[in-house]
Amino acid sequence: MAAVKNILKHVSTEVAGRRRKCYRRKSHEILKGDLCLVVRDGPQSQTTYCTVCASEILTKADGVLADLRVQFAATHDPGSQE
Numbered sequence: 109m110a111a112v113k114n115i116l117k118h119v120s121t122e123v124a125g126r127r128r129k130c131y132r133r134k135s136h137e138i139l140k141g142d143l144c145l146v147v148r149d150g151p152q153s154q155t156t157y158c159t160v161c162a163s164e165i166l167t168k169a170d171g172v173l174a175d176l177r178v179q180f181a182a183t184h185d186p187g188s189q190e
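In my numbering, the protein residues as written are 109 to 190.
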């Protein structure tokens, strides 16, 4: 049986090794030692987000994933009218 694919492999967290700016709001600083959300946009490109913005991003992602689960659950429901 094939392994389950990780569709979120381009998203991770890391501890900032230096001071950074949040990609979403430049006024938000990520200080050295702070945890931040990292989204890899390509092999040499990544964006980082502070904890405040990361929380908002992850909340939105939770909603999108919940919607996808509902859509797939409806296709497996034997009582559905499709």
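Think of the CB as a built atom: it goes at the ideal place given N, C-alpha and C, for glycine as much as any other residue.
Reduced DSSP category for residue i - H, G, I as helix; E, B as strand; rest coil
| i | result |
| --- | --- |
| residue 128 | strand |
| residue 183 | helix |
| residue 119 | strand |
| residue 160 | helix |
| residue 168 | helix |
| residue 110 | coil |
Residue burial classification, residue i (beta-carbon count within 10 angstroms, cutoff 16)
| i | result |
| --- | --- |
| residue 143 | exposed |
| residue 162 | buried |
| residue 138 | buried |
Expected contact under 8 Å - CB spacing of residue i and residue j to nearest Å
| i | j | result |
| --- | --- | --- |
| residue 156 | residue 146 | 5 Å |
| residue 169 | residue 141 | Contact doesn't hold; Cβ gap of about 25 Å is too wide. |
Residue i versus the options, residue with shortest Cα-Cα distance
| i | options | result |
| --- | --- | --- |
| residue 150 | 114, 184 and 119 | 119 |
| residue 166 | 112, 116 and 110 | 116 |
Ordered list of beta strand (DSSP E) runs contained in the segment 130-156, each at least 3 residues | Every beta strand (DSSP E) of 3 residues or more that sits fully in the segment 130-156 is shown, in chain order, as 143-150.
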